[in-house]
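Colleague:
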Amino acid sequence: MPRRVMRGTVVGDKADKTVIVRIDRRVMHPLYKKVVRRSKRYAAHDDGNRHKVGDIVQIRECAPISKRKRWIVLDDAGAEQR
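FYI, in this note's numbering the residues of the sequence shown are 2 to 83.
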């Protein structure tokens, strides 16, 4: 099964080798039929501490690295950093 790849914005980089990435999506409200924005935050593995707050990154699903980390940050070329 292919691993999911998502694009988002780094909103936290204080932890060592970890960045918090916010993924935004737009969904239709079931009652009011208005498009609303929903977001979710993912902890992703950033081995070289290369990414800072505000960077646009791609993250890919991987095997669990820690309790909350199940994603890794991809290079611009799409290769793994690990």
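Even for Gly, the Cβ is constructed at its ideal location relative to N, Cα and C.
Could you pull out every residue in the same chain whose Cβ sits closer than 7 Å to the Cβ of M29, ignoring the five residues on either side in sequence?
Modeller: Here residue 29 refers to the residue found at position 28 when the sequence shown is read from its first residue. Closer than 7 Å at the Cβ level, and outside the excluded window around M29, lie V36.
Colleague: Assuming A45 and I73 form a contact by the criterion Cβ under 8 Å, report the distance between their Cβ atoms to the nearest whole angstrom.
Modeller: Numbered from 1 along the sequence shown, position 44 holds the residue referred to as residue 45. Numbered from 1 along the sequence shown, position 72 holds the residue referred to as residue 73. The pair is a contact, with the Cβ atoms about 6 Å apart (cut-off 8 Å).
Colleague: May I ask you to report which of helix, strand or coil DSSP gives Y33?
Modeller: As a working mapping, residue 33 is identified with position 32 in the sequence shown. Coil.
Colleague: Give the DSSP-derived three-state secondary structure of S67 in the structure shown.
Modeller: Locating residue 67 in the sequence shown gives position 66, counting from the first residue. Note: S67 maps to coil in three-state DSSP.
Colleague: Quick check: what's the CA-CA separation for R42 versus V22?
Modeller: The residue labelled residue 42 in the question sits at position 41 within the sequence shown. The residue labelled residue 22 in the question sits at position 21 within the sequence shown. Whole-angstrom Cα-Cα distance: 5 Å.
Colleague: Within its chain, find whatever has a CB closer than 6 Å to the CB of N50; leave out the 5 residues flanking it on each side and keep chain order.
Modeller: Here residue 50 corresponds to residue number 49 of the sequence shown, with the count starting at 1. Excluding sequence neighbours, N50 sits near nothing in its chain.
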